[in-house]
Amino acid sequence: MTAFQYASLDDSLAKKLIDRAGLGDIDAKVRSGERLSFADGVRLYETPHLAAVGLMAHRVRTQRHGKKTYFNINQHVNYTNICVYSCKFCAFAAKEGEQRGYLMTPAIVEQKVKEQLHRPVTEVHMVAGIHPQMGYDYYLDVVRAAKRARPDIHVKAFTMVEIDHILKISGKSEDQVFADLREAGLGSCPGGGAEVLVDRVHKAVFREKQGPQGWLDTARKVQQHGFKMNATMLYGHIEKVDERVTHLIKLRELQDECGGFMAYIPLAFWPYHTDLANYGHVTTGFLDQRSIAIGRLMLDNFPHIKAYWIMLTQESAQTALSFGANDIDGTVTEEKITHDAGTTEPQALDEAQLTNLIREAGYEPVQRTTVYEEVGASA
Ligand code: V47
303 MTAFQYASLD DSLAKKLIDR AGLGDIDAKV RSGERLSFAD GVRLYETPHL AAVGLMAHRV
363 RTQRHGKKTY FNINQHVNYT NICVYSCKFC AFAAKEGEQR GYLMTPAIVE QKVKEQLHRP
423 VTEVHMVAGI HPQMGYDYYL DVVRAAKRAR PDIHVKAFTM VEIDHILKIS GKSEDQVFAD
483 LREAGLGSCP GGGAEVLVDR VHKAVFREKQ GPQGWLDTAR KVQQHGFKMN ATMLYGHIEK
543 VDERVTHLIK LRELQDECGG FMAYIPLAFW PYHTDLANYG HVTTGFLDQR SIAIGRLMLD
603 NFPHIKAYWI MLTQESAQTA LSFGANDIDG TVTEEKITHD AGTTEPQALD EAQLTNLIRE
663 AGYEPVQRTT VYEEVGASA
């Protein structure tokens, strides 16, 4: 069955399959727009009937977005890997003085953005470690540097961990810090650093870093100050099914309260060179599709579900377009976090490669800005 046929599977057939999988009651809720419960989320993670979960998610995706699949032309700049924290899932971080540690000055950030001026890049995604020495002005300066190099670029920068750190070292009021960041050129925030929003996983895997409540509180501040942002979940390590569902419900509640999340992005864990390398496994195709589909079904108040190809792989990201995802992220260019942890994916894809992935799966590629304005039909 081709992706196109799958995407347009007759609804009564889909219903029969979902009923046979014992998920008819959940399907009825999805169809009527009733919110799924914690118990529903657990069942969706535990059922072996992945196709049934995918069909429900695909229907919602199709109702909201038709065949449109968003991508953007972006670049990543990871301005330092030096980090005070030692999260067990992270292969990117280095300690000060370590040979593989690096720190980009604002001038280097400017140079990195200038290097891409020949491409129609609309977004720079900047995240990094928490450097022990850099002061408040450094953070403003890296944003300014990107804008200096390319004034029309959208700067999507700083996870909630970085924002919290910036707030703490600023010596200024929260209002002033967000005003400074906006004036420097910050456009929105990425969704990283959430990991799994439950205390057990926090204690076991990233205990020194901001915990679940800290991430949510900072996200609330960011959104209350008028910035849009994304939300992630790092899955496929020690987290349990109920913890994944708890994570999704916490995101959903914050979205009800503030409404500033654009996309949910499940991030597939890559274990190589991390402290969890011996723990087990890399993610599976089954878990990847399930994570996308359950994100779409549980997060009824999130407009976009993103299949980030670097972490999912191109194969899995392409398939995810039929399991609820309506976004495949961007061209990227020079990604370090997943590459340090062993991803087999390239550093970048060009626009033609991205649009081919989307078209081959039966969907319509649409270039977007960071905040989901359509840039125009793609070639
Ligand atoms: O915060 C760290 C995760 C995140 C590993 O908002 C790992 O548009 C897998 O958040 N294996 C950074 N993941 C990436 C991120 C992101 C990516 C693309 C788009 C957006 C967006 C956000 O990567 C980190 C952490 O949660 N991470 N180590 C690892 N070994």
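The opening position of the sequence shown corresponds to residue 303 in my numbering, with each subsequent residue numbered one higher. Ideal Cβ placement from N, Cα and C applies to all residues, glycine included. Since the structure is predicted, the reported quantities are computational estimates derived from the model, not experimental observations.
Best match in Ile375, Phe391 and Ala353 for proximity to tyrosine 574 [C-alpha to C-alpha]: Phe391
Within the present structure, is the beta-carbon of phenylalanine 529 separated from the nearest heavy atom of the ligand V47 by less than 6 Å? no
Do alanine 643 and the ligand V47 come close, with the Cβ less than 6 Å from some heavy atom? yes
Work out the CA separation of glutamate 398 and lysine 523 for me, nearest whole Å. 30 Å
Spell out the partners DSSP gives valine 463 in its beta bridges. Answer by DSSP bridge pairing: none, since valine 463 is not bridged.
With threonine 548 as the anchor, note down where its alpha helix (DSSP H) starts and where it stops. 543 to 560
Rounding to the nearest angstrom, what Cα-Cα distance links arginine 554 and arginine 333 in this structure? 19 Å
6 Å Cβ shell around leucine 499 - same chain, five flanking residues per side excluded: Pro514, His549 and Lys552
Could you check whether alanine 354 and leucine 315 sit closer than 7 Å to each other, using their CB atoms as the reference points? no
Let's test the definition: count the other Cβ atoms within 10 Å of the Cβ of alanine 481 and tell me whether it reaches 16, buried, or not, exposed. exposed
Evaluate asparagine 380 with the Cβ neighbour count: other Cβ atoms within 10 Å of its Cβ, from every protein chain shown; 16 or more gives buried, anything less gives exposed. buried
Alpha carbon to alpha carbon, how far is serine 490 from aspartate 466? Give it in angstroms, no decimals. 15 Å
With a CB to CB cut of under 6 Å and the five nearest residues on each side skipped, what residues in its chain are close to histidine 351? Ala323
Is there contact between the stretch 589 to 604 and the stretch 612 to 627, where contact requires at least three CB pairs shorter than 8 Å? yes
Which term fits leucine 419, buried or exposed, when burial requires 16 or more other beta carbons within 10 angstroms of its beta carbon? exposed
Close Cβ partners of arginine 613 (< 6 Å) along its chain, the five nearest in sequence each way excluded: Sequence inspection shows methionine at residue 613; the arginine mentioned does not correspond to that position. Correct list, in chain order: Leu569, Ala570 and Thr640.
CB threonine 672 to CB alanine 650, shorter than 7 Å? no
Looking only at C-alpha atoms, which of His527, Gly494, Gly528 and Gln526 sits nearest to glutamine 512? Out of His527, Gly494, Gly528 and Gln526, Gly494 has the C-alpha closest to the C-alpha of glutamine 512.
Measuring from the CB of asparagine 532, is there a heavy atom of the ligand V47 at a distance below 6 Å? yes
May I have the straight-line CA-CA distance separating glutamate 676 from threonine 424, to the nearest angstrom? 12 Å
Using C-beta distances below 7 Å, list every residue in its chain close to proline 434, excluding the 5 sequence neighbours before and after it, in chain order. The beta carbon of proline 434 sits closer than 7 Å to the beta carbons of Val386 and Glu398 from its chain, once the five residues preceding and following it are set aside; these are given in chain order.
List the residues that DSSP assigns as beta-bridge partners of glutamate 485. Glutamate 485 pairs with nothing; no bridge assigned.
The beta strand (DSSP E) that contains phenylalanine 563, what's its start and end? In this chain, the beta strand (DSSP E) harbouring phenylalanine 563 covers 563 to 570.
Measure the C-alpha to C-alpha separation of threonine 304 and arginine 363 and round it to an integer number of angstroms. With a pLDDT of only 43 at threonine 304, under the threshold of 50, the placement of this residue in the model should not be trusted; the figure read from the coordinates follows. Approximately 18 Å, taken between the alpha carbons.
Under the three-state DSSP convention, the category aspartate 629 falls into: strand
Express the C-alpha separation of threonine 407 and methionine 535 in angstroms, rounding to a whole number. 30 Å
Using the beta-carbon count (16 or more within 10 Å), is valine 668 buried or exposed? Looking at its Cβ environment, which holds 16 or more other Cβ atoms inside 10 Å, valine 668 is buried.
Boundaries of the beta strand (DSSP E) in which lysine 397 is found, first to last residue: That residue, lysine 397, is in no beta strand (DSSP E); it is neither H nor E in DSSP.
So for isoleucine 328, helix, strand or coil by DSSP? helix
Exposure label - glutamine 478; buried when at least 16 CB within 10 Å: exposed
Once DSSP output is grouped into helix, strand and coil, what is the label at threonine 371? In the structure shown, threonine 371 adopts extended strand secondary structure according to DSSP, grouped into three states.
Just list the residues that DSSP pairs arginine 333 with in beta bridges. Arginine 333 pairs with nothing; no bridge assigned.
For arginine 546, count neighbouring C-beta atoms within 10 Å of its own C-beta (all shown protein chains included) and say buried if the count is 16 or more, exposed if not. buried
Euclidean distance between Cα positions of phenylalanine 508 and arginine 337: Phenylalanine 508 and arginine 337: Cα-Cα distance of roughly 31 Å.
Taking C-alpha atoms, which residue in Asn628, Ala486, Ile607 and Lys449 lies nearest to lysine 416? Taking each of Asn628, Ala486, Ile607 and Lys449 in turn and checking the Cα distance to lysine 416, the smallest one comes out for Lys449.
Measure the alpha-carbon distance for glycine 528 versus histidine 456 and round it to whole angstroms. 15 Å
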